[in-house]
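Peer 1:
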Amino acid sequence: MNNQSSYGYGSQNRRIRKTACTNTTYYLHDLENRLLAEISENGTVLREYVWLGQEPVVLREYELRPGLYFYINDHLGTPQRLIAGEGTAVWQATALPFGRTQVQLGTVQNNLRFPSRGEFKLQMHR
């Protein structure tokens, strides 16, 4: 099994594509470099993001655990928790030095991290 991933970056140095095994995900950004959606190679929307200024506020998950989830961020805009509509925490992490994150709870996938960092500690979203 091939566990390698490849990435594609656009003209503004933001990730626009990720291929892992045989699955390709495309990343759609707005003019302010905020991640708006993750889309599969067949055009299915996997996740959508809603922002208030430069902070994520809502994740709409369509793939693994469909639903609306709300971000709780720290003073820097780093996601600390995702909360389901009924108030249950579905993702929680602690911010570590140098933009790293230690995930403590993860029943929903959250690819947003410290501003300008994504799931693999590479500059991704802003």
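Here the UniProt record's numbering is used: the first residue of the sequence shown is 1, the next is one more, and so on. Every residue, glycine too, gets a C-beta built ideally from N, C-alpha and C. Note that the structure is predicted; figures quoted are calculated from it, not measured.
If you count every other CB in all the chains shown that lies within 10 Å of the CB of His-29, and 16 or more means buried, which is it?
Peer 2: Locating residue 29 in the sequence shown gives position 29, where the first residue counts as 1. His-29 is buried by the Cβ-count criterion.
Peer 1: Reducing DSSP to helix, strand and coil, say where Pro-66 ends up.
Peer 2: Along the sequence shown, one-based indexing puts residue 66 at 66. It is coil, neither helix nor strand.
Peer 1: Quick one: grab the DSSP three-state call for Gly-106.
Peer 2: Along the sequence shown, read from residue 1 onward, the residue named residue 106 stands at position 106. Gly-106: strand per DSSP, three-state reduction.
Peer 1: Between the C-alpha atoms of His-75 and Ser-6, what's the straight-line distance to the nearest angstrom?
Peer 2: The residue you call residue 75 lines up with position 75 of the sequence shown. The residue you call residue 6 lines up with position 6 of the sequence shown. Cα to Cα, the separation comes out at about 33 Å.
Peer 1: Can you look up Lys-18 in the DSSP assignment and give me helix, strand or coil?
Peer 2: For the purposes of this step, residue 18 is taken as residue 18 along the sequence shown, with counting starting at 1. Residue state, collapsed to three classes: strand.
Peer 1: In terms of DSSP beta bridges, what is Leu-28 paired with?
Peer 2: Position 28 of the sequence shown, counting from 1, holds the residue named residue 28. Note: Leu-28 sits in a beta bridge opposite Ala-37.
Peer 1: Let's test the definition: count the other Cβ atoms within 10 Å of the Cβ of Pro-66 and tell me whether it reaches 16, buried, or not, exposed.
Peer 2: Taking the sequence shown and counting its residues from 1, one reaches residue 66 at position 66. Per the 10 Å Cβ criterion, exposed.
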